[in-house]
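Protein chains in written order, with the working numbering: chain A, -2 to 415; chain B, 7 to 111.
Each residue gets a CB set at the ideal place from its N, CA and C atoms; glycine is no exception.
Model, not experiment: these values are computed from the prediction.
A short write-up of the structure that comes next.
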Amino acid sequence: MTSFDCIIVGSGHGGAQAAHALRQYGFVGSIALIGSEPDLPYDRPSLSKDYLAGEKTFDRLQLRPGAYWDQQRITLLPGRRVTGVSAAQRQLTCGDGRNFGFEALIWAAGGTPRPLSCTGHDHPAVHYLRDKADCDRLLAALPACRHVAIIGGGFIGLEAAAVLRGMEKHVTVIEAQDRVLARVSGVEVSRFYEAEHRARGVEILLGGGLGSIRGDDAAELHLSDGRVLSADLVIVGIGLVPATEVLQQAGAETRQGILVDQRCQSSLPGIYCIGDCAVLRDGPGIRIESVQNANDQAGIAARAICGQAVPNAATPWFWSNQYDLKLQTMGLNLGHDATVLRGDPGKRSFSLLYLRQGSVIAADCINATRDYVQSRQLIEAGRLIPQAILADTSIPLKAMAETAGDLAFQHNNGGGSR
Amino acid sequence: MIQGFWLKTRDGSVHQVAGREGIPLMEIIRDAGFHELAAVCGGCLSCATCHVYVDGSTCGIGKPGCDEEALLDCSDVRQSNSRLSCQIPFTSALAGLSVTIAPDE
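This is the structure we're talking about:
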C-alpha cells in the first residue's frame, strides 16, 4: 500500500489550494491530491460563465500550470473516487480498490448536484452543471436545441440563463419558490434579477415545482400547478448534495455537512474537512459554498497540519456575473431582521444591506463594487448605524465604519452632496 | 526574441516573463510558475489578491477602472502605481514593463 504524509481528497479550489498552502507553510512530507475528475485542478465557477459562453478556453481555467504539481512534489491521483476511509488505520480506499495510507487527511470533496427526483428525472434531455464533463456534455447538446428549460432560479440557473440568452436560445426558468434567489437574497434583489432576465427575453415561471418530465425526444415538463411546457434541453440547478457519506460512515459527526472546529478538523483525529461540504461547529450552521470559503479553509487546515496558529474565519464573500450585472456579496445574511436599500435598482447600481439588531451583517451589491468592498469594514465593525444613514449614498460605507457618530450629525444637518 | 516584461517577486529577485498577447498579466504570471499571487476570484474583480505595482514610465497601460479603484482603495499597501494584474491584458505596447508583486496582506 502506498502511503502519503498528507492526502487531500478533492481537486477543486479547496483541495488545490490546500496542497499549495501546505508547501507554502513549510510542509515537507509527501502530499497526494486525489480527484474524481480526469483534469488538472481548474476554476469551477467559470464553467457556468466564461467557459459556457466560449469566452475562456479550458487551459485558462487551470488553477496552476501543469508543471507546478511535480515541482512541488504533489502527487496527482486524478480520476479516482474515494469510497471508504478508516480513521483508526489512517487509510482510504478508492473505487478501483486501491488503498492509500495517510498521516493527515484533508477532505475537500465538495459535492454533487442535487438530482431531480420526479418521474422522468433520467430523461436524456436532463443536464447538470457542476464539473467540466457536465459542461462539455451541455455544450455538445446546445447547437441542436432551441428551447432550454432551467430548473431552479438560483445562481447556477440564472448564470446559465444569461449565457444561453447570449446564444439566442429560448430560455424558461422554473422556480418552485415565489421568487428567484429566494434561498440567498432579499426580495428587492430577487425582483431586480427577475426583471432583468425578463427584459432580456427569459421566461420566468415562479411558484411551480416540477411534477414530471415526459416525452421521448424533447422533454415535456409538467409543473405541479398544471402548466405544461416543452423543452429540447433541461438544466437542473437546485443545489448541492455535500460529499459527507464516506466520512460519516467513518464516524465523523455531521450536521448538513461535516462538522469541523476552528482548525477545520473533523471529529475524527487527523482528518480535516474544508469547502462546500464542511460546516463550522460553532459557526452559522450552514455550508458555505464559495471559492472564498474553500480557499480560506484550505489555508486554515494547512496551517493546522503544519502546527501553526490559525486565523479566525474571514468574512465570507461571493460573486455572480449575469449579463453586464455583477452581483457581489459580503457577509452572510442568515438571521437578518431588516434590510436597507441603498441606491436605485432602476439605475442598475444598488446595494441591499442586511441588518441584525441594527448592525449590518451582509450586503448584496449589484454593479456597486465600492459598496461591496467597503461593506466588509462596516460588517466587521458591527456598529449600530441608523437606517437613513445607511441608505444615504452620498456617505461612503467606509466612512460609516470609521466614524458613525459624526455621520449622524452630518446627515441630520443635510450634510453630503445629494 | 519573445517580447515580455520584468517581474519582481517578493524576495526581491527579478525575472523575465514572456508576454502572451491579450492575456491578463495575472494569468501570465501564474502560468509562468510564479505563485505569489493568490488571485482568488480568478480575475472577475471581486478580490484584490493579484495586486502589483507597475513602473511609472509606462504609458500603454491605461488607468484602473472604477471597480478596480474601489478594490485597490481598501488595500493597506496601495501605492500610486498599484494595479490588479487581472485587469491588464498584455500587449506588445507593454513590452519591457516592470511589475512588482505587492506584499501579502
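So what does DSSP say about residue i, is it helix, strand or coil?
i: R415/A; result: Note that R415/A has pLDDT 34, beneath the 50 cutoff, so the model's placement of it is unreliable and the number below is only indicative. Looking at R415/A - three-state DSSP - the assignment turns out to be coil, as it is neither helix nor strand.
i: E172/A; result: strand
i: I297/A; result: helix
i: H17/A; result: helix
i: Y320/A; result: coil
i: I386/A; result: helix
i: E200/A; result: strand
i: A24/B; result: strand
i: V14/B; result: The sequence shown places Lys at residue 14/B, rather than the Val named in the question. In this structure, K14/B counts as strand in the three-state DSSP scheme.
i: T116/A; result: strand
i: N309/A; result: coil
i: M164/A; result: coil
i: G63/A; result: coil
i: S0/A; result: strand
i: Y22/A; result: coil
i: R188/A; result: helix
i: H10/A; result: helix
For the putative contact between residue i and residue j, defined by C-beta atoms under 8 Å, what is the C-beta separation to the nearest angstrom?
i: Q113/A; j: V123/A; result: The residue you asked about is not Gln; residue 113/A is Leu in the sequence shown. With 8 Å as the limit, L113/A and V123/A qualify as a contact, their Cβ atoms being about 7 Å apart.
i: L375/A; j: A398/A; result: 4 Å
i: S209/A; j: T80/A; result: Contact doesn't hold; Cβ gap of about 32 Å is too wide.
i: I148/A; j: I171/A; result: 5 Å
i: C303/A; j: F24/A; result: 5 Å
i: L44/A; j: L139/A; result: Wrong, their Cβ atoms sit about 14 Å apart, outside the cutoff.
i: S91/B; j: D61/B; result: In fact, because the Cβ distance is near 14 Å, the residues do not count as touching under 8 Å.
i: G9/A; j: A291/A; result: 7 Å
i: L324/A; j: D273/A; result: Between D273/A and L324/A the Cβ distance is about 19 Å, and since that is not below 8 Å, they are no contact.
i: E377/A; j: T312/A; result: 6 Å
i: G12/A; j: L37/A; result: Not a contact, Cβ separation roughly 12 Å.
i: Y29/B; j: P95/B; result: Here residue 29/B turns out to be Ile, not Tyr, going by the sequence shown. So it is a contact: roughly 6 Å between Cβ atoms.
i: W316/A; j: C50/B; result: 6 Å
i: I103/A; j: Y269/A; result: 5 Å
i: I417/A; j: V145/A; result: Outside the displayed span of chain A (-2 to 415) sits residue 417/A, for which this structure offers no information.
i: V370/A; j: D79/B; result: 7 Å
Tell me the rounded alpha-carbon separation between residue i and residue j.
i: F1/A; j: G51/A; result: 39 Å
i: P110/A; j: G236/A; result: 6 Å
i: A15/A; j: S221/A; result: 44 Å
i: I4/A; j: A228/A; result: 44 Å
i: M327/A; j: T(-1)/A; result: 43 Å
i: N318/A; j: E156/A; result: 7 Å
i: S83/A; j: A18/A; result: 25 Å
i: N429/A; j: R339/A; result: Any property of residue 429/A remains undetermined from this structure, which presents chain A solely from -2 to 415.
i: Q253/A; j: I283/A; result: 7 Å
i: A192/A; j: V177/A; result: 11 Å
i: D258/A; j: E165/A; result: 47 Å
i: I285/A; j: D293/A; result: 11 Å
i: A275/A; j: A298/A; result: 12 Å
i: D93/A; j: G183/A; result: 46 Å
i: G206/A; j: N309/A; result: 40 Å
i: G68/B; j: C47/B; result: 22 Å
i: F406/A; j: P342/A; result: Bear in mind that a pLDDT of 49 at F406/A, under 50, signals an unreliable position, so the number given afterwards is only what the model happens to contain. So the alpha carbons of these two residues sit roughly 27 Å apart.
i: G427/A; j: G212/A; result: The structure shown does not extend to residue 427/A, since chain A spans only -2 to 415, so no value can be given for it.
i: R57/A; j: E33/B; result: 8 Å
i: I363/A; j: A295/A; result: 28 Å
i: G102/B; j: Q85/B; result: 21 Å
i: G39/B; j: W66/A; result: 10 Å
i: Q69/A; j: R61/A; result: 11 Å
Considering only the alpha carbon of each residue, which of the options lies closest to residue i?
i: N96/A; options: Q371/A, R78/A, H120/A; result: R78/A
i: G63/A; options: Y39/A, K53/A, D47/A, A84/A; result: Y39/A
i: D17/B; options: L90/B, L103/B, S81/B, H41/B; result: H41/B
i: D119/A; options: S287/A, D214/A, I5/A, G343/A; result: D214/A
i: R143/A; options: A157/A, G198/A, V168/A, L155/A; result: V168/A
i: C72/B; options: Q93/B, T15/B, T55/B, V20/B; result: Q93/B
i: H57/B; options: V20/B, A99/B, A76/B; result: A76/B
i: A106/A; options: I386/A, E34/A, E165/A; result: E34/A
i: G332/A; options: K344/A, L322/A, L350/A; result: L350/A
i: A159/A; options: Q384/A, D47/A, Y22/A; result: D47/A
i: A385/A; options: L49/A, A216/A, A335/A; result: A335/A
i: I71/A; options: D56/A, L49/A, R20/A; result: R20/A
i: G198/A; options: A216/A, R162/A, L60/A, A396/A; result: R162/A
i: K344/A; options: R353/A, S356/A, T390/A, A301/A; result: T390/A
i: G150/A; options: D133/A, D131/A, V186/A; result: V186/A
i: S263/A; options: L89/A, Y22/A, A101/A; result: A101/A
i: L74/A; options: G7/A, C132/A, L49/A; result: G7/A
When you measure from the CB of residue i to every non-hydrogen atom of the ligand COA, does any distance come out below 7 Å?
i: G254/A; result: Of the ligands one can find in the structure shown there are none, so the ligand COA has no counterpart to examine.
In the DSSP output, what is residue i paired with across the bridge?
i: E73/A; result: A small fix is needed here, since residue 73/A is Leu in this sequence, not Glu. L73/A pairs with L30/A.
i: G98/A; result: S0/A, Q88/A
i: Q262/A; result: Y269/A
i: V225/A; result: H219/A
i: P95/B; result: P30/B
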